[in-house]
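K.L.:
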Amino acid sequence: MGANNVKEQLYEAVEQSDEARVAQLIKENPILLNAPLTEDCQNTALSRSVWRNDQKLVKLILGMGSQVNNTASKGISPLMWAAKRGHIDMAKLLIENGAQVLQRSEDNQKFTPLECAIVMGQYEMCLYLLSLDLTQLESLQTPEVYQKGAEGKYLSYCNYEQFLDHLKARIPFESCPNFYQRPTKPELVDPVIDPRETWVQFIKRNIEFEEPPVVIYQFEIQKAFIQFDFYLQVERSELPQHLQPQNRFMGKVRQYLNGKSPYPPKQPTTLEDRNNVELQDPFVDNRVQIDTPQNINQKEQKQATLQQNVYSNQGSQFNIDNQQSKEKEIDV
């Protein structure tokens, strides 16, 4: 019980950057120098100080004889923690005190400090560690390995393929594209609700904030709009016919609740279909036609007939006007 109490005190002193208290506790309990701090924090006092980027405390603990390459129970050395966090100055301090650049972690991943930095997307740290030993390029693994290593590390997104290509060419960070911008999804042409998602998947996705859905319901509560995300959407063409909303009762209901028609849009696909579209105005021909020799001849004949009618009408009107004028002259 007493030993655990001392470990808790050391942990609190490290968290508070209390150098005097840390020095006192380690002097009184030398066994704590390279031991895990607590059951919850399995790092040593040195590793925890590195994680917090507390250089003064790191210098103090190193001066008291802490092992700079100790991986503790998590299998990760202080330099690996600095690489993960992107603390370049801290990494330089550790390397000056004997930290091994090519040391591998003692967990399942067996990553070097450089690979730890890659997993966390720390590009500038990678450039620094790579400059210390260019032979590390030969042992780099595929982007899929680092993508898998990032699972559960709270890293939102990193394009590892692009990241590694630029790192291997040692391109400065300022000249690199944004590795951390998630690619935008193409807009759906004919979106419908995906009925393949089970209730278990639905609940799990919403609890874990996975793959944000597209459809949004809005409820007015006390004059304030609260938005709830529910269903995922996919292209209608991705679904088999029996799962498309126009062929399912619940599919129709869901589409109507979201203010959308369950039926696919009617769009003519061929010239013949477009020409057979029902006319909106029976006196106006809105059909699409192609200028073929036959169509051109028909147009010319229609124009000639129209001009002839116009001239004849003008002549008739002229004759009527002349007759009326003559009758007026006679009356006078």
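In full-length UniProt numbering, the protein residues as written are 1 to 332.
Yeah, the Cβ is synthetic: ideal placement off N, Cα and C, and Gly gets one too.
Please read all numbers here as calculations on a predicted model, not as lab measurements.
Starting from the Cα of residue 132, find the closest Cα among 99, 152, 60 and give me that residue.
P.N.:
Translated into the one-based positions of the sequence shown, residue 132 becomes position 132. Of the candidates 99, 152, 60, the one whose C-alpha sits nearest the C-alpha of residue 132 is 99.
K.L.:
Pairs of beta-carbons, one from the stretch 161-168 and one from the stretch 193-201, closer than 8 Å: are there three or more?
P.N.:
The answer is no - the stretch 193-201 does not touch the stretch 161-168, with fewer than three Cβ pairs under 8 Å.
K.L.:
Can you list, in chain order, the residues of its chain whose CB lies under 7 Å from that of residue 185, leaving out five sequence neighbours each side?
P.N.:
The residue given as residue 185 occupies position 185 in the sequence shown. Same-chain partners within the cutoff: there are none.
K.L.:
Leaving out five residues before and five after residue 61 in sequence, what residues of the same chain have Cβ atoms less than 8 Å from its Cβ?
P.N.:
Here residue 61 is taken as the residue at index 61 of the sequence shown, counted from 1. 22, 26, 33, 45, 46, 49.
K.L.:
Thinking C-alpha only, which one of 254, 40, 10 is nearest residue 30?
P.N.:
Within the sequence shown, residue 30 is the residue found at index 30, counting from 1. Minimum Cα distance to residue 30 is reached at 10.
K.L.:
Please state the DSSP three-state secondary structure of residue 14.
P.N.:
The count along the sequence shown starts at 1 and reaches residue 14 at position 14. Three-state DSSP puts residue 14 in a helix.
K.L.:
In whole angstroms, give me the CA-to-CA distance for residue 5 and residue 41.
P.N.:
Counted from its first residue, the sequence shown places residue 5 at position 5. Counted from its first residue, the sequence shown places residue 41 at position 41. Answer to the nearest angstrom: the Cα atoms are 14 Å apart.
K.L.:
So, are the CB atoms of residue 36 and residue 72 less than 8 Å apart?
P.N.:
For the purposes of this step, residue 36 is taken as residue 36 along the sequence shown, with counting starting at 1. For the purposes of this step, residue 72 is taken as residue 72 along the sequence shown, with counting starting at 1. Yes, Cβ-Cβ distance for residue 36 and residue 72 is below 8 Å.
K.L.:
Return yes when the Cβ of residue 53 is within less than 8 Å of the Cβ of residue 90, no when it is not.
P.N.:
The residue labelled residue 90 in the question sits at position 90 within the sequence shown. The residue labelled residue 53 in the question sits at position 53 within the sequence shown. Yes, these two residues count as a Cβ contact at 8 Å.
K.L.:
Enumerate in chain order the residues of its own chain whose CB-to-CB distance from residue 194 is below 6 Å, with the five nearest sequence positions on each side excluded.
P.N.:
Translated into positions along the sequence shown, residue 194 becomes position 194. If we look at residue 194 and ignore the five residues flanking it on each side, its Cβ neighbours are 232, 234.
K.L.:
Measuring only the C-alpha atoms, how far is residue 63 from residue 181?
P.N.:
Walking along the sequence shown from the start, residue 63 turns up at place 63. Walking along the sequence shown from the start, residue 181 turns up at place 181. Approximately 42 Å between the Cα atoms of the pair.
K.L.:
Quick check on the DSSP output: the alpha helix (DSSP H) that includes residue 124 runs from which residue to which?
P.N.:
Locating residue 124 in the sequence shown gives position 124, counting from the first residue. Unbroken alpha helix (DSSP H) run through residue 124: 123-132.
K.L.:
Can you tell me whether residue 228 is buried or exposed, with buried defined as 16 or more other CB within 10 angstroms of its CB?
P.N.:
In the sequence shown, residue 228 corresponds to position 228, counting from 1. Because the pLDDT of residue 228 is 41, which lies under 50, any placement of that residue in the model is unreliable, and the question is left without a value.
K.L.:
Write down every uninterrupted run of the alpha helix (DSSP H) in the stretch 149-212 whose length is 4 residues or greater and which is fully enclosed by it, in chain order.
P.N.:
Segments of the alpha helix (DSSP H) lying fully in the stretch 149-212: 160-168, 199-207.
K.L.:
Measuring only the C-alpha atoms, how far is residue 248 from residue 266?
P.N.:
On the sequence shown, position 248 is the one that residue 248 refers to. On the sequence shown, position 266 is the one that residue 266 refers to. If I take the Cα positions, the gap works out to 19 Å.
K.L.:
Determine the contact status of residue 101 and residue 149, defining contact as a CB-CB distance below 8 Å.
P.N.:
For the purposes of this step, residue 101 is identified with residue 101 of the sequence shown, where counting begins at 1. For the purposes of this step, residue 149 is identified with residue 149 of the sequence shown, where counting begins at 1. It is not a contact, given that the beta carbons lie outside the stated cut-off.
K.L.:
Bridge partners of residue 58, per DSSP?
P.N.:
Here residue 58 is taken as the residue at index 58 of the sequence shown, counted from 1. Looking at the DSSP assignment, residue 58 forms no beta bridge with any residue, so it has no partner.
K.L.:
With DSSP as the reference, please indicate the residues paired to residue 233 in a beta bridge.
P.N.:
Within the sequence shown, the letter at position 233 stands for residue 233. Per DSSP, 193.
K.L.:
Quick one: is residue 264 buried, meaning 16 or more other Cβ sit within 10 Å of its Cβ, or exposed?
P.N.:
Locating residue 264 in the sequence shown gives position 264, counting from the first residue. That one is exposed.
K.L.:
Which value, in whole angstroms, describes the spacing of the CA atoms of residue 257 and residue 203?
P.N.:
Residue numbering aside, residue 257 sits at position 257 when the sequence shown is read from its first letter. Residue numbering aside, residue 203 sits at position 203 when the sequence shown is read from its first letter. The straight-line gap from Cα to Cα measures roughly 20 Å.
K.L.:
Ignoring anything shorter than 3 residues or poking outside the stretch 65-147, list the beta strand (DSSP E) runs there in chain order.
P.N.:
You should have found no qualifying run.
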